[in-house]
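According to this note's numbering, the stretch in the sequence shown is residues 45 to 450, in order. Glycine residues also receive a C-beta, built at the ideal position from the N, C-alpha and C atoms. These notes concern the structure reproduced below.
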Amino acid sequence: STSLSLAVVTAVQVHRDAKAVAGQHDQPPFCAGPASCSLSGVCSSDGSSCVCDPGFRGPRCASLALTGAMHSVISNLPVGINSTTVSTVWGGHALAEPADGSLHWYGSAIRGNHNLASWATASAVGHARLDCPSTPCPPLAAATFSLDSLAVVPDGGSDWSGGSMHGVYVVRNPAPWANGTDAWLIYFTGFTVANPLGSRQIGVAHASTLAGPWTVWPTPVLSPNTNRSAVDTSSVSNPAPFFDRDGSGRVLLAYKGLGVAQPSRPVCTDGSGRPCIFVAEAKHWTGPYTHVTANSGAAVMEGEDPTLWQDSREGWHMIKEHYINGGLGGVGGHCFSTNGLSGWECADPSTWYTTQVVLNGKPVVLEKRERPQIVFDADGHPVALYNGACKGGSCFNVVMPFNSTR
45 STSLSLAVVT AVQVHRDAKA VAGQHDQPPF CAGPASCSLS GVCSSDGSSC VCDPGFRGPR
105 CASLALTGAM HSVISNLPVG INSTTVSTVW GGHALAEPAD GSLHWYGSAI RGNHNLASWA
165 TASAVGHARL DCPSTPCPPL AAATFSLDSL AVVPDGGSDW SGGSMHGVYV VRNPAPWANG
225 TDAWLIYFTG FTVANPLGSR QIGVAHASTL AGPWTVWPTP VLSPNTNRSA VDTSSVSNPA
285 PFFDRDGSGR VLLAYKGLGV AQPSRPVCTD GSGRPCIFVA EAKHWTGPYT HVTANSGAAV
345 MEGEDPTLWQ DSREGWHMIK EHYINGGLGG VGGHCFSTNG LSGWECADPS TWYTTQVVLN
405 GKPVVLEKRE RPQIVFDADG HPVALYNGAC KGGSCFNVVM PFNSTR
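Written out as structure tokens, the structure is:
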């Protein structure tokens, strides 16, 4: 049964968690402060253990507390939209529009009935809406959508995003303009028609409501680094923004950076199998953005597909893909920092981020599980983890709830 399958998956994850942390305890006192609990919990009164925040588990609160069961988010693929066919969606997540309670999913939609391999040449911003006129909408982690439109489409021109728009990440802006036309933002990676895998750049579209319509900011907000001693000088992609909780409008942007190897710097290329993650900073979403960690040279993290957030105690967290620890050490990892711009620490390679899941009620082993994106409740606690996933040659978006208890 589904419940038995889920119990088996959960038991396997718990066993792996226990195995992963075996021998990692310090001698008493074990808990010396928030860092001992991965900034995801607090020390117990006697300092002997960590008390994890909602959404986290493990002796050091380093693992996400997920149920192990996920479902497909978009139910109507393939579908004809805007004179094209979409059979593949990738990444993305859903959010609620406060004005009317409607739910909106935004992610990458591959046009022309192409598969995921065409992400750099045929991607656009896909949209799905769920209205609940007579009853409250389901929780985000339980909602299923029908893809209904392409919200932002490359124009096919010669500019920086004319060929493809991929790596979609929708976020609410806490400090919009007076006219409110940038209350919602979509970050994305832009690709040219002539050289799609060349100099990738990060752009933003803005709207007054989560339903749109969307206006693309005319220039990229983040381009390859002009500091030739840095590493992220060839391309920037995979944006993951998060705005300060104080409402100031300051934004940190985690991203994947590629570049030519510099003396005493790591190799950050897709071909090396060791792409790198950096964090940029801006006082406003339009920029300018400072390549803070790339320019420092000391805060490079290997991996890709980051998702970034700040907790209620103002600590910073990141989930990233291809967690590397002296080699490929797993498919996901949790990192934390007190300020988001330096001192990042990463837990051991994950055991919770598994490809062995219950999908739509059946135990499966996914071929891919990437593009993690987390959504939060009003108190800032994680409630759902979205991923791009592949199974049987098809690629789609999935969501897995967090456990409601620690």
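If you check the CB distance, Leu229 and Val248 come in under 8 Å.
For Tyr231, the CB contacts under 6 Å within the same chain, skipping 5 residues up- and downstream, are Tyr213, Val248, Pro283 and Pro285 in chain order.
By the Cβ-count criterion, Lys364 is buried, with 16 or more other Cβ atoms from all chains shown falling within 10 Å of its own Cβ. In this structure, Ser281 is the residue among Phe287, Pro180, Ser281 and Leu296 with its C-alpha nearest to the C-alpha of Cys320. Of all alpha-carbon atoms in Phe189, Gly91 and Phe446, the one lying nearest the alpha-carbon of Asn120 is that of Phe189.
Residue pairing by DSSP puts Cys96 in a beta bridge opposite Gly85. Where Thr128 is concerned, the enclosing beta strand (DSSP E) starts and stops at Thr128 to Val130. The beta carbon of Cys439 is closer than 8 Å to those of Thr132, Val133, Trp134, Asn159, Leu160, Lys412, Gly432 and Ala433 in its chain, skipping five residues each way along the sequence. With a beta-carbon spacing of about 7 Å, Phe287 and Asn217 fall inside the 8 Å limit used to define contacts.
Membership of Trp329 in any alpha helix (DSSP H) is not indicated, and neither H nor E is assigned to it by DSSP. Boundaries of the alpha helix (DSSP H) harbouring Ala166: Trp163 to Ala166, taken from the DSSP string. Cys94 counts as buried, since no fewer than 16 other beta carbons sit within 10 angstroms of its beta carbon.
When the alpha-carbon of Val197 is set against those of Ala166, Arg272 and Val123, the nearest one is in Ala166. Under the DSSP definition of a beta bridge, Thr382 lacks any partner.
Cβ atoms of Leu147 and Ala140 come within 8 Å of each other, at about 5 Å. By the neighbour-count definition (other C-beta atoms within 10 Å, threshold 16), Ala324 is a buried residue. Short of 6 Å from the beta carbon of His335, and not among the five residues preceding or following it, lie these beta carbons of its own chain, in chain order: Asn269 and Ala324. In the assembly as shown, Asn441 is a buried residue. Its beta-carbon has 16 or more other beta-carbons within 10 Å.
Judged by DSSP in its simplified three-state form, Ser116 adopts strand. Of the candidates Cys176, Ala168 and Gly145, Ala168 places its Cα closest to the Cα of Ile125. Annotation for Ser88: Cys75, Cys94 and Val95 place their beta carbon closer than 8 Å to its own, counting only its chain and skipping 5 residues before and after. If you ignore the 5 residues before and after Val427, its C-beta comes within less than 8 Å of the C-beta of Gly99, Pro183, Leu184, Ala185, Val419, Phe420, Asp421, Pro445 and Phe446, all in its own chain and listed in chain order. For Val336, the three-state secondary structure derived from DSSP is helix. Nearest neighbour of Ser208 by Cα position, chosen from Ile246, Pro122, Ala255 and Pro103, turns out to be Ile246.
Ranked by Cα distance from Leu110, the options Val295, Tyr430, Gly437 and Ser178 are led by Tyr430. Residue pairing for Glu346: DSSP places it in a beta bridge opposite Cys320. Annotation for Asn282: the continuous beta strand (DSSP E) segment containing it runs Ser279 to Phe287.
The beta carbons of Gly136 and Gly151 sit about 2 Å from each other, so the pair counts as a contact at 8 Å. Between the C-alpha atoms of Leu266 and Thr236 there is a straight-line separation of about 15 Å. Only buried fits Arg104, as 16 or more other CB atoms lie within 10 angstroms of its CB.
Each of Ser116, Val86 and Ser82 was checked against the Cα of Asn404, and the nearest Cα belongs to Ser116.
Distances from the CA of Ser82 to each of Gly293, Phe380, Gly224 and Ile118 were compared; the closest alpha carbon is that of Phe380.
With respect to the 8 Å criterion, Cys390 and Gly377 are classified as neighbours on the basis of their beta carbons. Along the length of the segment 154–217, whole beta strand (DSSP E) runs at least 3 residues long occupy 167–174, 191–196 and 208–216, reported in chain order.
For Pro426, the secondary structure class from DSSP, reduced to helix, strand or coil, is strand.
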